[in-house]
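Residue numbers (my numbering): -14 to 436. Before any comments, here is the structure.
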Ligand code: UDP
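Written out as structure tokens, the structure reads:
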């Protein structure tokens, strides 16, 4: 009997990296290979593996269980690299003496050193990019020096096969290079050792970013595989694939869905800033006023660490209009008929989820790639509006109220909804049988099987 090829998948342990890599793993497994998802210690406890799951899970230590003090991002990354480069080879060796010696490692693109580990132990490897193609292309230009740094205030930035970008549309690590120098280094270095890579996998789809994808594909063996979202929300070909299955925070499942069930179609604003972004108290207060003044229903994810920033009495005063939870099943929420718009930080997964479910957005980017995603949401895909900020960088209550009214009630909102529905169809088409992403995954598996 022919042995199944065995593919290992390792994400950096952040929610926005785990989710798409987990979904990609399920897609791979649906095409035949044996797939092992490697959860490092920080996330291993959160796996809700279902018995029917098509992939295997293994845990290795990333050293996080030994950390006592607060680490800087640089210390975190160094510790992760040092521990995982020790422990990943041990896992590979253990597998090598099992029935299923692994052949390939799909690694998070922010861990370029994983390619060296893989090759040293006889595996081939491919980076998986969890951000949009345009953002990766921008970092590539920064790496090559084709993007002139530092960026000049007021200038417009022209790069091949993308719209001209203002400084506020650029990823914040580049527009404010002093903000997170370690992370800037990390994202630019994603391209440091890819000359020999046979595949670059990216969570996007061809029609969404066609020009820049073609450009990237002219430089690299760049393949789109997304949107990496549970199949039930798209093509429905993977049985029982309804959720990602690995939450860093515990979601308030039933509360959200029961509450939404009592609301009319398109009447609720869903607000979430993802798993990492933190808002200032002043911004939180402006949002609370914007919500109150709009008089709309709202479901707001305020992570536990952010709760203390809510003004006193806000929850009591708005109990009739709103529900605040610390984490929710976002896909299920976005798919609910009651949701009229999504006020979002424009994290890449949230953006793809809203596009795939046909939900218009109010873009409030905070950092990282979110600014670039916001630009595309408003000006390219035309599925949302971006909150204008004042000289202090704050979206005021008046502006927020205006944006909510425009998307929920206004003519522009209707147009955004129509556009969103178009993207929803195209997202489904990409992952459905013979769609562009489906074909790329198929080709990947076929080539690995014959190599
Ligand atoms: N998410 C969730 N529940 C929430 C908020 C977010 O399950 O209450 C999920 C969301 O569906 C997405 C991920 O967390 O898949 C966040 O990723 P994204 O890239 O949007 O933002 P990040 O957290 O990386 O900033």
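Just so it is clear, CB atoms sit at the ideal spot from N, CA and C, and this is done for glycine as well.
Item: Status (buried if at least 16 other CB within 10 Å, exposed otherwise) for residue 121; Value: buried
Item: Residue 398 in three-state terms, based on DSSP; Value: helix
Item: Secondary structure of residue 19, DSSP reduced to three states; Value: strand
Item: Beta-carbon contacts of residue -4 that lie in its chain and below 6 Å, excluding the five residues immediately before and after; Value: 2, 3, 6, 93
Item: Of the residues 227, 61, 284, the one placed nearest residue 168, counting alpha carbons only; Value: 61
Item: Continuous alpha helix (DSSP H) assignments of at least 4 residues falling wholly in the stretch 200 to 286; Value: 238 to 246, 266 to 279
Item: Backbone CA spacing between residue -14 and residue 86 [nearest angstrom]; Value: Low per-residue confidence applies at residue -14: pLDDT is 46, beneath 50, and the placement is therefore not dependable enough to give any value.
Item: Rounded Cβ spacing between residue 141 and residue 151 (contact assumed at less than 8 Å); Value: 6 Å
Item: Cβ-Cβ separation, residue 402 to residue 345 (assumed contact under 8 Å), whole Å; Value: 5 Å
Item: Neighbour-count burial assignment, residue 12, 16 or more Cβ in a 10 Å radius; Value: buried
Item: CB of residue 148 within 8 Å of CB of residue 392, strictly; Value: no
Item: Validate contact between the stretch 263 to 276 and the stretch 48 to 58 using beta carbons, cut 8 Å, 3 pairs; Value: no
Item: Assigned exposure category for residue 180 - 16 Cβ within 10 Å defines buried; Value: exposed
Item: Neighbour-count burial assignment, residue 47, 16 or more Cβ in a 10 Å radius; Value: buried
Item: Environment of residue 235 [buried if 16+ CB atoms lie within 10 Å]; Value: exposed
Item: Residue from 261, 319, 310 whose Cα sits closest to the Cα of residue 0; Value: 261
Item: Coarse secondary structure for residue 147, derived from DSSP in three states; Value: coil
Item: Residue 188 (DSSP reduced to helix, strand or coil); Value: coil
Item: Alpha carbon of residue 217 to alpha carbon of residue 15, nearest angstrom; Value: 14 Å
Item: Contacts around residue 200, its chain only, beta-carbon distance under 6 Å, and the 5 residues preceding and following it disregarded; Value: 145, 146
Item: Proximity test, Cβ basis, 8 Å: residue 17 and chain D; Value: In the displayed structure, chain D is absent; only one protein chain is listed.
Item: Heavy atom of the ligand UDP within 7 Å of residue 260 beta-carbon; Value: yes
Item: Beta-carbon proximity of residue 230 to residue 332, cut-off 8 Å; Value: no
Item: Distance cut-off 7 Å: residue 338 Cβ against heavy atoms of the ligand UDP; Value: yes
Item: Where residue -14 sits in the DSSP three-state scheme; Value: Confidence is the limiting factor: at residue -14 the pLDDT is only 46, short of 50, which leaves the residue's position unreliable, though a coordinate-based value still follows. Coil at residue -14, not helix or strand.
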